[in-house]
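The sequence shown begins at 1163 in this note's numbering and counts up one residue at a time. Even glycine gets a Cβ: it sits at the ideal position worked out from N, Cα and C.
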Amino acid sequence: MAKRKLNRRQEWRIQKIQDERLARSKNKQQKISDKYGQLEADLHRGTIVSHFGATLDIEDEATGEIVRCALRQNIDAIVCGDKIVWQALTQLTDDEQLKGVITALEKRKTVLARPDFTGQMKPVAANIDQLLIVTSPVPELNEGLVDRYLVAAELSHIKPVLLLNKVDTLSAKQQAVLQQRLQVYEDIGYPIIYTSAKSQHGMDTLLSQLENKVSVFVGQSGVGKSSLINALLPDANIKEGEVSLATNKGTHTTSVSRLYHIKNANHQQASLIDSPGVREFGLWDINKEDVIHGFIELHDHAQYCHFRDCKHLNEPNCGLLKGLEDGTISEQRLDSYHRIVDSVEDK
Ligand SMILES: Nc1nc2c(ncn2[C@@H]2O[C@H](COP(=O)(O)OP(=O)(O)O)[C@@H](O)[C@H]2O)c(=O)[nH]1
Ligand SMILES: [Mg+2]
Ligand SMILES: [Zn+2]
1163 MAKRKLNRRQ EWRIQKIQDE RLARSKNKQQ KISDKYGQLE ADLHRGTIVS HFGATLDIED
1223 EATGEIVRCA LRQNIDAIVC GDKIVWQALT QLTDDEQLKG VITALEKRKT VLARPDFTGQ
1283 MKPVAANIDQ LLIVTSPVPE LNEGLVDRYL VAAELSHIKP VLLLNKVDTL SAKQQAVLQQ
1343 RLQVYEDIGY PIIYTSAKSQ HGMDTLLSQL ENKVSVFVGQ SGVGKSSLIN ALLPDANIKE
1403 GEVSLATNKG THTTSVSRLY HIKNANHQQA SLIDSPGVRE FGLWDINKED VIHGFIELHD
1463 HAQYCHFRDC KHLNEPNCGL LKGLEDGTIS EQRLDSYHRI VDSVEDK
């Protein structure tokens, strides 16, 4: 608990510093100098679209141009999807590709974070609207894992969408069985999309789900995340069957993270952020009492529990156990809730 509070306070302080810097740089109209030399006074807004080690490419908001920028000291942990303010260099430096400096970071709407090799939570992507939880027949649909992603999405205030990929490998009967298993999620209100990256089945539905949003694909290794992104973005050339880096946390710090745009026939724009760190996004750094917020239908019932600290196991007048009795709560989801609570270490 103590550690978490400190982190929040640190986060708040960092945000305060960034906000102040943003306000200051917005007012400042004279040229400012930096370790990279003179900067033009004009302030431009942009979005981080590529991050590889210390190299950052931003997309300028006004022109759509991609500009390579350095990062001003004291702004740390910038990630793909971040909204920033940048200023052009008046002279080119030794690095000819370097055109500007990022001088402020705007407040994030949402952030995906995961621990780095020291166990510290680090952001991996920012301003994500939607989490596409990819499942498949092989590796087999795992509801427990889906629930963990749902909790992570709900706690991050990111809209989750379920996807069953590889439908080309299923007979009508097999598909009906899986559809039945996914019904519990449809009943709660989560959208479910059926796709095949191979036959392109469902890709139009997927595209319209992505329109005007920034999305990320998550899910077990082998379900077809890279294949789906390649089907949507034939030029991106993301390796399929790529080995998971989950066991080697340190490698994430140097891996490429990228924001892609997809344009469809209606000229609507969809954006995707992809990186190994994003793909392995999961349930980190949460407390037992947070879990209920990730089970939205259980959370609704929990307000009727007699005891404020009800564990929803065998207490009298438990809202969840009542819901289970009258069939408004699924046993599978309640069991899953308890399994996740048991798996979370209290800090
Ligand atoms: N039949 C079929 N195979 C697929 C489909 N999508 C992906 N695959 C295969 O599943 C394997 C894993 O795909 P990949 O995209 O690397 O999964 P990732 O680990 O989630 O990125 C590869 O051999 C793909 O060719 C699909 O829709 N249908
Ligand atoms: Mg992959
Ligand atoms: Zn209860």
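What residue does the alpha helix (DSSP H) around residue i start on, and which one ends it?
i: residue 1219; result: It is not in any alpha helix (DSSP H) - residue 1219 instead sits in the beta strand (DSSP E) that spans 1217-1222.
i: residue 1339; result: 1334-1350
i: residue 1497; result: 1493-1505
i: residue 1389; result: 1387-1394
i: residue 1356; result: Per DSSP, residue 1356 belongs to no alpha helix (DSSP H); it is in the beta strand (DSSP E), 1354-1356.
How would you write the range of the beta strand (DSSP E) that residue i sits in, first residue to last?
i: residue 1419; result: 1419-1425
i: residue 1367; result: Segment 1365-1372 is the alpha helix (DSSP H) holding residue 1367; no beta strand (DSSP E) there.
i: residue 1466; result: It is not in any beta strand (DSSP E) - residue 1466 carries neither H nor E in the DSSP assignment.
i: residue 1325; result: 1321-1326
Just how far apart, CA to CA, sit residue i and residue j?
i: residue 1176; j: residue 1479; result: 44 Å
i: residue 1485; j: residue 1320; result: 26 Å
i: residue 1346; j: residue 1312; result: 13 Å
i: residue 1200; j: residue 1256; result: 14 Å
i: residue 1227; j: residue 1421; result: 14 Å
i: residue 1491; j: residue 1391; result: 35 Å
i: residue 1322; j: residue 1293; result: 5 Å
i: residue 1224; j: residue 1216; result: 24 Å
i: residue 1362; j: residue 1348; result: 23 Å
Suppose the cutoff is 6 Å on Cβ atoms and the five residues either side in sequence are ignored; what does the same chain contact list for residue i look like?
i: residue 1356; result: 1326, 1329, 1364
i: residue 1246; result: 1208, 1264, 1267
i: residue 1435; result: 1242, 1243, 1287, 1378, 1421
i: residue 1497; result: none
In chain order, what residues of the same chain have a beta carbon less than 7 Å from the beta carbon of residue i, not counting five sequence neighbours either side?
i: residue 1301; result: 1382, 1384, 1385
i: residue 1173; result: none
i: residue 1281; result: none
i: residue 1481; result: 1463, 1464, 1465, 1466, 1467
i: residue 1508; result: 1449, 1450
Going along the chain, which residues of its own chain have a beta-carbon closer than 8 Å to the beta-carbon of residue i, five neighbours each way excluded?
i: residue 1431; result: 1373, 1374, 1423, 1424, 1425
i: residue 1218; result: 1210, 1212, 1230, 1231, 1232, 1233, 1240, 1264
i: residue 1340; result: 1299, 1303, 1326, 1332
i: residue 1477; result: 1467, 1468, 1469, 1483
> Touch check for the stretch 1441-1461 and the stretch 1311-1322: three-plus C-beta pairs under 8 Å?
Replying inline: Yes: the two stretches touch, three or more of their Cβ pairs being nearer than 8 Å.
> Is the stretch 1299-1314 touching the stretch 1255-1270 in the sense that three or more CB pairs, one from each, lie closer than 8 Å?
Replying inline: no
> Is the stretch 1263-1271 touching the stretch 1216-1236, taking contact as three or more C-beta pairs under 8 Å?
Replying inline: yes
> Taking any heavy atom of ligand 3 as the mark, which residues have a C-beta closer than 5 Å to it, listed down the chain?
Replying inline: Residues lining ligand 3 by the Cβ criterion, that is a Cβ closer than 5 Å to any of its heavy atoms, are 1467, 1472, 1474, 1480, 1482 in chain order.
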